[in-house]
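Engineer:
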Amino acid sequence: MLAQDIADQLTGAGCTVVGPAPTVQQAMGAIDGIELDGAVLDVNLRGERSFPLAEHLARGGVPFIFLTGYDSVTVFPDSFRDTPKLTKPVDYGLLIEAVSRFRNGDAAPG
Numbered sequence: 002m003l004a005q006d007i008a009d010q011l012t013g014a015g016c017t018v019v020g021p022a023p024t025v026q027q028a029m030g031a032i033d034g035i036e037l038d039g040a041v042l043d044v045n046l047r048g049e050r051s052f053p054l055a056e057h058l059a060r061g062g063v064p065f066i067f068l069t070g071y072d073s074v075t076v077f078p079d080s081f082r083d084t085p086k087l088t089k090p091v092d093y094g095l096l097i098e099a100v101s102r103f104r105n106g107d108a109a110p111g
């Protein structure tokens, strides 16, 4: 339900949303062959970490931010410790601001 709320907020802000996808495999299938401006990744997708998806996006040069309820940096692999993060509950203003930066190649939340 939270994922759909986020998708609705982003759509309302003028974004074209692909998803939400509840699993890494479904997300990979949904973005296959699509050019993305950026992505918002929940760290936990039905008990699976989204880091393989993040690695795929990073290899393709797609900016992304993590949306997470985890407050510990130890959850993140070293390669993603400095990746921009927004915490749950999500502040929709900050989310929209962060997503608006994807086209400029700057995903860091304000």
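Position in the sequence shown (first residue = 1) + 1 = the working numbering. We put the CB at the ideal spot given by N, CA and C, even for glycine. Just so you know, these numbers come straight off a predicted model, no measurement behind them.
1. Quick check for students: name the residue ranges of the beta strand (DSSP E) that lie wholly in the region 58 to 107, counting only runs of 3 or more.
2. Evaluate Ser80 with the Cβ neighbour count: other Cβ atoms within 10 Å of its Cβ, from every protein chain shown; 16 or more gives buried, anything less gives exposed.
3. Using C-beta distances below 7 Å, list every residue in its chain close to Asp53, excluding the 5 sequence neighbours before and after it, in chain order.
4. Tell me, please, which residues DSSP counts as bridged to Leu42.
Structural biologist: Put simply:
1. Fully enclosed beta strand (DSSP E) runs of no fewer than 3 residues occupy 65 to 69 and 86 to 88 of the region 58 to 107, in order along the chain.
2. exposed
3. Note that residue 53 is Pro in the sequence shown, not Asp. Closer than 7 Å at the Cβ level, and outside the excluded window around Pro53, lie Val25.
4. For Leu42, which the question treats as bridged, DSSP gives the partners Phe67.
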